[in-house]
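So the sequence shown is residues 170 to 981, counted in the UniProt record's numbering.
Glycine included, every Cβ here is placed at the ideal spot set by N, Cα and C.
The structure appears right after this line, and notes come after that.
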Amino acid sequence: MESAERRAKVERMFEMMDRFLKNDPISLQKDILNHVEYTVARSRFNFDDFEAYQGLSHSVRDRLIERWHDTQLYFKRKDPKRIYFLSLEYLMGRSLSNSIINLGIRDECAEALSQLGFEFEVLAEQEGDAALGNGGLARLSACQIDSLATMDYPAWGYGLRYQYGLFRQVILDGYQHEQPDYWLNFGNPWEIERVHVTYPVKFYGAVEEEDFNGVEAVAYDNPIPGYGTRNTITLRLWAAKPSDLHDMESYNTGDYINAVVNRQKAETISSVLYPDDRSYQGKELRLKQQYFFVSASIQDIIRRFKDSHDNFDVLPEKVALQLNDTHPSLAIAEVMRILVDEENFEWNRAWDIVCKIFSFTTHTVVSEGLEKIPIDLLGSLLPRHLEIIYEINFNFVEELKKRIGLDYDRLSRMSIIEEGAVKVLLKHHDLVNCYLLVVMVGTFDGDAVDFYELWPQKFQYKTNGVTQRRWIVVSNPSLCALISKWLGTEAWIRNVDLLTGLREHAADTNLQQEWKMVRKVNKMRLAEYIEAMSGVKVSLDAMFDVQIKRIHEYKRQLLNILGIIHRYDCIKNMKESDRRKVVPRVCILGGKAAPGYEAAKKIIKLCHAVAEKINDDSDVGDLLKLVFIPDYNVSVAELVIPGADLSQHVSTAGLEASGTGSMKFLMNGCLLLATADGSTVEISEEIGAENMFLFGAKVHEVPALHEKEPDAKVNLQFARVVRMVRDGYFGFQDYFKSLCDEVEDNDFYLLGSDFGSYLEAQAAADKAFVDQEKWTRMSILSTAGSGRFSSDRTIEEYADKTWGIEPCRCPF
Ligand code: F58
């Protein structure tokens, strides 16, 4: 408990506190040179771009640390209810540009550097991406953490500091190859190692005996600055280190070398991010990672709570825990274990607390993604947790019987333990435990429906959002300046609803001219990148049509490629005179396939095979180009999105939980060609369906389409393009056979039935593009209508409706 004396001391410290570091260009310059000389250990008279980047980053980091300390002290003094965001994945991308934008020192840094003979943009490019996540869920965590800081919430993010982030994608002969992303090779100025913040993590605990085998979690803190506020919050990532007590036996028996080697093994727990974002393999290392993360985070949270409170009954007034999907689910059993075993709480009292502090977000509607832990594995690695889960399930099923009677089908559907007692269903575990369950879309998958019927009050719906700081201010500075000019304020960067103010200017020819100019410059930047990456020269007059996201069958990159083949086929078969009427296209795809996902890898190869044919065809010339951008990541997205005219979000209706890429494109004034699935439904409500190109079956039509015989669904144009692939028109006939078989024999993702309307939507996009005035107006209206899709709004809803927390703004 904090004493009065301690409080008074903190009070005095706050009074003494000043902003130590100045932000004018001269002060920044001095700091940069100091860091070059003393931190980087290069001569201040002789250093290159990378060393300048390091000097600048350390100078920015110093400023972050000041604010971060102030914020943490202020939170401690105020002791508000805190939100702890638990996620095994974060796709943070680069930090430099984002930090200086949020600190409000971009111009000062640029000036400081230019006097030293460096260009800010060039230095920013030196930074590698922090890619500690797979896809949508992970990038959403990064956006939300930015909003939590900006909106002054007393928040902590927790995650894992993988040594190897998401693999690097290298394309050789059109095939994806995976290479390790050892992202820490050149150091990471954005983290602070906390050698004293360590916790033991115990595995294989016998239920009653003290027989543990341990590793230690060490904290690495990443300060996350808010925009337009001094608040700077913590993203704490854990790394595994061998525990000091580890394997003393081996030392005693004299096998020193083996003992050291065994110690090293502890580090493997946090060494690599699992690169498959859907299928759960039931691997021991993965379960170890999950528990390692949960154990360290919960110990840290409880330690902080105990610093100022001695009564656990107030825990729900002071702590809210958000589980980012099922990866951190073991946190629930872990808190039960601590309360019951360590704090001697009676089961029901502990249970009551647990139910009040947790909430959980589900990010998927595809049920094969459900995590199921084999009971044997859980029982051997974490026997006590398995016991706890059995007891939770027993109580739950008893309660359920009172509600629904002996409906065994339903009881077994809803049980946390799968029939035959082989697997623990983490999602059910969360559904049972969480005070509030937050879902991303209006439709639930089968599992959740049973729960929803009984406890509708536990469910909340929230529209996802992305941060406009990263996705406009950092990645599209010229659009940012243009928006601020026409709105007469920069306030939209914190209050994105103000973007609606652009609507009244959408038809203004001056704005339209300037808007077009900004877009053209972004297209030039993208065209240069494409040429550097693939050697393909593209025309700026062409429509840049982009689909970038993880490669998944349900996201239907194959539909896009088959559409491109159709376009190519049409051009080839056209009379010379008709070709003049064709709207030129540059089709851009990018995305990674999970290493073991054969179909996704074939789609990448098909894209390359088709590109090779098209791009070399002189009949086609600039009318059609196809490029695959390798190694898609956050930084690539920052470059590609501002340069896109059209973007595709074409998942089979009902399969994309939300989709956040669409929101980034929308903010940047890119028009969307989309199915009515997840977020695109809400986007069309916001900007009007007439400002998008919507197509395809609706969610309610899908079941009937699945019933139809494959032949009855297929349209003729579709049959023709599939035949071209099947017949080896693009080579690799055998390799592509399974792709063709799938869409013709089964077509679970309904490519055949949506193909006709897909082509119509594409034709409508062509038509609109010819009328540049109309296109530009639609583009302005897209940005103007994107306010609802800011993560600031989502986080405000979470704070208010789910976590019950208030902003706590550091006043200094
Ligand atoms: C994505 N999910 C959704 N991983 O696919 C996307 O629609 C949504 O916009 C985004 O989350 C943010 O909400 C995702 O990246 C998963 O859903 C995992 C699937 C396997 C189980 C654990 C979650």
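Asked	Found
CB of T829 to nearest heavy atom of the ligand F58: below 6 Å?	yes
What's the gap between the Cα of K596 and the Cα of D738?	46 Å
Closer than 6 Å: is that where the CB of T533 sits relative to any heavy atom of the ligand HEM?	Looking at this structure, you won't find the ligand HEM anywhere; what it does contain is the ligand F58.
In the structure shown, what three-state DSSP assignment does D576 receive?	coil
Of the choices I773, S477, I949, E911, whose alpha-carbon is the least far from that of T678?	I949
If we ignore side chains and look at the alpha-carbon of each, how far apart do L335 and N303 end up?	6 Å
Cβ of E825 within 6 Å of any heavy atom in the ligand F58?	yes
Leaving out the 5 sequence neighbours to the left and right, which residues in its chain are closer than 6 Å to E436 when beta-carbon positions are compared?	A409
For V894, which residues from the same chain have a beta carbon less than 6 Å from its beta carbon, with the 5 sequence-adjacent residues on both sides left out?	F905, C909
Could you check the C-alpha separation between A311 and G828 for me, to the nearest Å?	15 Å
If you reduce the DSSP assignment to three classes, tell me which class D390 lands in.	strand
When the Cα atoms are used, what is the spatial distance from K685 to T945?	7 Å
For E379, collect the residues of the same chain with a Cβ closer than 7 Å to its Cβ; drop the 5 residues on either side in sequence, then sort them by chain order.	Low local confidence applies: a pLDDT of 43 at E379 is under 50, so the model's placement there is unreliable, with the coordinate-based value given in what follows. No residues qualify anywhere along the chain.
Do you know offhand how far E347's Cα is from Q338's?	5 Å
Taking just the CA atoms, how far does M832 sit from P764?	27 Å
Assign V376 to buried or exposed, taking buried as 16 or more other Cβ atoms, counted over all protein chains shown, within 10 Å of its Cβ.	For V376, the predicted model reports a pLDDT of 46, less than 50, meaning its position is unreliable and no value from the coordinates is stated.
With 16 as the cutoff for other CB atoms within 10 Å, does M693 come out buried or exposed?	exposed
Starting from the Cα of Y389, find the closest Cα among P358, N480, I558 and give me that residue.	P358
I need the straight-line Cα distance from K970 to S466, nearest angstrom please.	24 Å
Can you name, in chain order, every residue of its own chain whose Cβ lies under 8 Å from the Cβ of residue 982, other than the five neighbours on each side?	One cannot answer for residue 982 here, as it falls past the ends of the chain, which runs 170 to 981.
Can you have a look at A813 and say buried or exposed, based on whether 16 or more other CB atoms are within 10 angstroms of its CB?	buried
Just to confirm the assignment: which complete alpha helix (DSSP H) runs, minimum length 4, are found wholly within the stretch 827-913?	830-836, 848-856, 871-876, 879-882, 885-895, 902-910
Assuming M320 and Q637 form a contact by the criterion Cβ under 8 Å, report the distance between their Cβ atoms to the nearest whole angstrom.	At roughly 13 Å, the Cβ-Cβ gap does not stay under 8 Å, so M320 and Q637 are not in contact.
Quick check: what's the CA-CA separation for E385 versus G865?	52 Å
With a floor of 3 residues, list each beta strand (DSSP E) that falls wholly inside the stretch 262-341, ordered by position along the chain.	299-301, 324-329, 333-341
Determine contact between the stretch 492-512 and the stretch 262-275, defined as no fewer than three beta-carbon pairs at a distance below 8 Å.	no
Check whether the Cβ atoms of L594 and K541 sit closer than 7 Å, and answer yes or no.	yes
Can you tell me the Cβ-Cβ gap for A318 and N192, rounded? I've got them flagged as a contact below 8 Å.	With a Cβ gap of about 18 Å, A318 and N192 do not count as contacting.
Measuring CB atoms only, is the stretch 813-822 touching the stretch 846-855, in the sense that at least three cross pairs come out at less than 8 Å?	yes
Give me the DSSP bridge partner(s) of I730.	According to DSSP, which records beta bridges pairwise, I730 is partnered with nothing at all.
On the three-state DSSP scale, how would you describe A762?	coil
Could you tell me whether the Cβ atoms of R579 and I586 are closer together than 7 Å?	no
Taking the continuous beta strand (DSSP E) assigned at H238, which residues delimit it?	Where H238 is concerned, there is no enclosing beta strand (DSSP E), although the alpha helix (DSSP H) it sits in stretches over 218-247.
Pull up the distance between the alpha-carbon of H365 and that of V387, whole angstroms please.	8 Å
Between the stretch 789-796 and the stretch 841-849, can you find at least three pairs of beta-carbon atoms closer than 8 Å?	no
Does D747 come out as helix, strand or coil in the three-state DSSP assignment?	helix
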